[in-house]
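Residue numbers (my numbering), protein chains in the order written: chain H, 40 to 249; chain F, 40 to 249. Note that CB positions come from ideal geometry on N, CA and C, so glycine has one too.
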DNA sequence: TTCGTTCCTGAACAACATGTCCAGTAACTA
DNA sequence: TAGTTACTGGACATGTTGTTCAGGAACGAA
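Rendered as structure tokens:
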């Protein structure tokens, strides 16, 4: 039941096996559909052992997701500093690269497996980062937003999560750098620009949302 | 087990009670956590009766979601025609209004309850609508997109779903009309415009995504 | 290498949820 | 009113869950 760092080799091996087994099974058949016995079977571990480490399926999943978040947070400060001093947003390209490395777990999270709590936390994290970054930037420049920043942050978060999900679930043919650049341009300059219209074609030219 | 339209009053009442009970319980404690017995208890229906109508929890949820989609589709053509002949996109304001009317069920769907299949279908539906609409519009105007339209469609869908989710889950203080207008402006003109900068401040002024 | 500790294991257990079946009773439609 | 259909509680087999325990194996430290 202790989820602290593991000094014993047996503990490390057992947990790693259980985690990998869970991720594989979830991607295959969905979190809801799998049983603890199937997990331990695939991990080649006694069922009793499972309960020595985790309370239930959920607990195991939470552990996996927490480690993923820690891994991401661990490398973040360095990436941040390389780009801008005091920058408070989440470096998007780094997120896509991290998702590429840990594609399986990102799929599990972004599918909302395990009641979707992990996805909700990820979403809220990004949104909070974004809103504070937007707020800091507009105040720094002394401009008054035409659209409330909570709305801007939610929409931006939606774009990011939506594209990221699509990207890890399909072979889109875009690299992390490409998709990041597209997302940035589209989000910053809008659909009029992105679709190749001149400002004079707008407004209304791409108003697909009556 | 027959899920066809109900002629018998008893059938209508039973199904309505079961559906309402499921939605309430799901919003309260999550789909995974509730049992069939709890559903029938709250609906004040015998447990055996449940299985006379639905195979399991999932089946009941699917029925609810299918009815929601049918309800939305039923009114869609009229709304569409009122705005633009041959318009193929999803009228966003109408979606928000529909979500406001059926807030409880939209919450269930947008939370990804019940393994998230309903949410995924909703997302894909919107994305397909959007991409075909963007494609038709750019071809009609003979412009070459700066950003691939599959990317644009995914990002736009993310904005819509993200904002819609946030809107039905919180008291944001924005009306359906307001949030729709914000979403449209932000998406069409981009963050530079939305935050009140002039074009000369860009590029980079709001590039929060290194 | 040895020794004391910790972990893994299979088996057995009670508790609970699921899905099915049935026969009696009530509610419905025509 | 009569004939059909739906609802009901109860009982049942099945499968999953989470706990416990005692023996044996693997571990880290000395």
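Going by C-alpha positions, residue 236 of chain F is about 18 Å away from residue 194 of chain H.
At a cut-off of 7 Å between C-beta atoms, residue 181 of chain F does not count as an interface residue with respect to chain H. For residue 182 of chain H, the three-state secondary structure derived from DSSP is coil. The beta carbon of residue 219 of chain F sits closer than 6 Å to those of 131, 132 and 135, all from its chain and outside the five residues before and after it, given in chain order. Between the alpha carbons of residue 174 of chain H and residue 232 of chain F lies a gap of roughly 15 Å.
Against chain F, a Cβ distance below 7 Å from residue 233 of chain H picks out 184, 185, 186 and 191.
Boundaries of the alpha helix (DSSP H) harbouring residue 204 of chain H: 188–208, taken from the DSSP string. Our two residues, residue 149 of chain H and residue 191 of chain H, have alpha carbons roughly 21 Å apart in a direct line.
For residue 93 of chain H, the nearest beta carbon of chain F is not closer than 7 Å to its own beta carbon. Here the C-alpha atom of residue 183 of chain F lies approximately 35 Å from the C-alpha atom of residue 121 of chain H. Within chain H, no residue has its beta carbon less than 8 Å from that of residue 88 of chain F; the closest one is some 24 Å off. For the pair residue 103 of chain F and residue 129 of chain F, the CB atoms are not nearer than the 7 Å cut-off. In this structure, residue 155 of chain H and residue 153 of chain F do not form a Cβ contact; the two beta carbons are roughly 10 Å apart against a cut-off of 8 Å.
Proximity of chain F to residue 137 of chain H at the Cβ level (cut-off 9 Å) is not reached, the minimal Cβ distance being about 14 Å. Per DSSP, reduced to three states, the secondary structure at residue 150 of chain F is coil, with no helix or strand assignment. Our two residues, residue 77 of chain H and residue 203 of chain H, have alpha carbons roughly 30 Å apart in a direct line. Ranked by Cα distance from residue 199 of chain H, the options H/80, H/110 and H/138 are led by H/138. Within chain H, the residues whose beta carbon sits less than 7 Å from that of residue 198 of chain F are 194, 197 and 198, listed in sequence order. As the crow flies, the alpha-carbon of residue 73 of chain H is around 20 Å from that of residue 142 of chain H. CA-to-CA, the gap between residue 214 of chain H and residue 226 of chain H works out to about 18 Å.
Neighbourhood of residue 228 of chain F in chain H, by CB distance below 7 Å: 229 and 231, in chain order. Here residue 95 of chain H is exposed: its Cβ has fewer than 16 other Cβ atoms, across all protein chains shown, within 10 Å. If you look at residue 213 of chain F, you'll find it isn't in any alpha helix (DSSP H); DSSP assigns it neither H nor E.
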